[in-house]
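S.K.: FYI, in mature numbering (1 follows the signal peptide of the UniProt record, and there is no 0) the residues of the sequence shown are -35 to -1, 1 to 407.
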Amino acid sequence: MTSQKLSRRTFVKTAAAGLPLACLAPGVFVNTARAAEKARNPNERLKIGSIGMRYQGSVIADKAQQYGDIVAIADVDREIAEKARKQFGGKATLFEDYREMLEKADIDVVTIGAPDHWHTKMLIDACRAGKDVYCEKPLTLTVDEGKIINKVVAETKAVVQVGTWQRSDHRFRQAVEMIKDGRIGDLKKVTVTLSKNKTGGPFKTEPVPSVLNWDLWQGQTPEVPYIKERCHYTFRWWYEYSGGQMTDWGAHHIDIAQWGAGMQETGPVDIEGTATFPNVENGYNVALDYHLKARYANGVILEVNDTGRTGVMFEGDEGRIFVNRGTIAGKPVEDLAKNPLPRESFNVYAHDNLSRPPRMGKLDAIVNHMGNFFDCIETRATPISSVQNQHRSVTVCHIGNISQRLGRKLTWDPQQEQFVGDAEANTWLKREQRAGYEIKDT
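#1: Please state whether the Cβ-Cβ distance between Arg201 and Asp220 is less than 9 angstroms.
#2: Would you mind sorting residue 418 into buried or exposed? The rule is 16 or more other CB atoms within 10 Å of its CB.
#3: Does the stretch 123 to 132 come close enough to the stretch 366 to 376 that 3 or more CB-CB pairs lie under 8 angstroms?
#4: Output the residue ranges of the alpha helix (DSSP H) runs that lie fully inside the stretch 150 to 208 and measure 4 residues or longer, sorted by chain position.
#5: Tell me the DSSP secondary structure of Arg136 in three-state form.
#6: Whose C-beta lies closer than 7 angstroms to the C-beta of Thr107 among residues of the same chain, with five residues either side of it excluded?
#7: Work out the CA separation of Gln223 and Gln380 for me, nearest whole Å.
#8: CA-CA distance, Ser(-33) and Glu403?
#9: Within its chain, find whatever has a CB closer than 6 angstroms to the CB of Pro323; leave out the 5 residues flanking it on each side and keep chain order.
#10: Around the C-beta of Val98, are 16 or more other C-beta atoms found within 10 angstroms, so that it is buried, or is it exposed?
#11: Comparing alpha-carbon positions, which option in Ala216, Gly111, Asp180 lies nearest Thr158?
#12: Report buried or exposed for Gln210, applying the criterion of at least 16 other Cβ atoms within 10 angstroms of its Cβ.
#13: Can you find at least 3 beta carbon pairs, one from the stretch 305 to 316 and one from the stretch 287 to 295, that sit closer than 8 angstroms?
#14: DSSP puts Glu330 in a beta bridge; with which residues?
#15: Pull the bridge partners of Ala216 from the DSSP assignment, please.
#16: If you run the structure through DSSP and keep just helix, strand and coil, what is Gln126?
#17: Use the C-beta contact count for Ala262: other C-beta atoms within 10 angstroms, 16 or more gives buried, fewer gives exposed.
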């Protein structure tokens, strides 16, 4: 597939309703009539708007530009925005507020590399503005955000790829295909090993840098004085903005665990987490040590540890497979030499493009992950990391964190997506949101 084949999405101008775009309140957008695609020059390239351009945001924008041009950039840090514009040719229009970009820029596709607490609102706003979206993981900050995302994506018919690129890494895909093919017999247990969370603090409050819109960076979260360790990469170690390693690496490895277990459209029926927590004022507040055990309706057990070799171990009654970002190992893997499982027979995902060579490792795997996204923009198929399966995967991360913070075992109803007989636990499925930054399902 080449970028020249791609059809641009049509944004239905509010003039059709008698309203100029400038009259829209921030974050209020009009749905695209995706079926009524306008004719265009076949050589016209897609126009991409990229939001959140510190490291990972620039990585995904770089992979996207094979298929289109980065014409707009939004970032609350002017220094980062200006650096990104230079990186991508020096012509992109800069915006501090992504909502203004969605309203004013002529774009077809949006990439989102902002901090976790912004993913849901940015994704929803972009879908409602008629854009197809590549959004970084973890998909959500809360379980209820994922429910809203699923509703909006279904309504808008947007193509959305979540940045859980391990699904496009040949090692992880091979492991999942081998399990489905019965190469380890009946799956009994999956062990996910993540890393320790960072510790630190107390940190000092400082004046807000002149290049940063700190109020906008905070978004839906409680307003607090500026501490540089709350911002940029280290936001991961504050529950206000993320979920520590449970949602950071867990969004990758627990997703592979669910995929391999055939549970990507559902979730566990009970979950028990244990953890210890720091008590440092103005310091990182995610768990110091943590463990998680969950049980699925089919009897498969999932365990999550924070000590050991990071990766995913699948154990069946006839063998086991270990996979991480550098290795796929186990006797069933060795047996592929005499009993191969060719890529052409892979079937856990319906829309493979076999013209793309198998890739392994983060930067190469993202090439195929982004390629799958643009394949699906062309065909309107469902991407390999859909909002449906990624909502289910990150839900396990969220309810695991909830169990750890409450300090007790919880019963989970994956159909109703709520805890059973525990009103207190259910209050943790959403969070209060600051006025002006609410995430709404209508």
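Backbone N, C-alpha and C fix where the C-beta goes; we use that ideal spot for every residue, glycine too.
Please read all numbers here as calculations on a predicted model, not as lab measurements.
M.R.: Per the coordinate set shown:
#1: In this structure, Arg201 sits away from Asp220, with a CB-CB distance that is not shorter than 9 angstroms.
#2: In the structure displayed, the chain extends from -35 to 407; residue 418 sits before or after that span and is not available.
#3: No: fewer than three Cβ pairs fall under 8 angstroms.
#4: Here the runs fully enclosed are 179 to 183.
#5: Arg136 falls in the helix class under three-state DSSP.
#6: The answer, listed in chain order, is His363, Leu394, Lys395, Arg396.
#7: Note on geometry: alpha-carbon atoms of Gln380 and Gln223 lie some 16 angstroms from one another.
#8: Unreliable positioning characterises Ser(-33) in this predicted model, as indicated by a pLDDT of 35, which lies under 50. The coordinate reading is nonetheless provided below. In a straight line, the C-alpha of Ser(-33) is about 36 angstroms away from that of Glu403.
#9: Sequence-distant partners of Pro323 (beyond 5 residues in either direction) whose C-beta falls short of 6 angstroms from its own C-beta, in its chain, are His135.
#10: Buried.
#11: Among Ala216, Gly111, Asp180, the Cα nearest to that of Thr158 belongs to Ala216.
#12: Gln210 is buried by the Cβ-count criterion.
#13: They do not touch, by the three-pair rule.
#14: The sequence shown places Ala at residue 330, rather than the Glu named in the question. Beta-bridge partners of Ala330 (DSSP): none assigned.
#15: Listed as beta-bridge partners of Ala216 by DSSP are no residues whatsoever.
#16: Gln126 falls in the strand class under three-state DSSP.
#17: That one is exposed.
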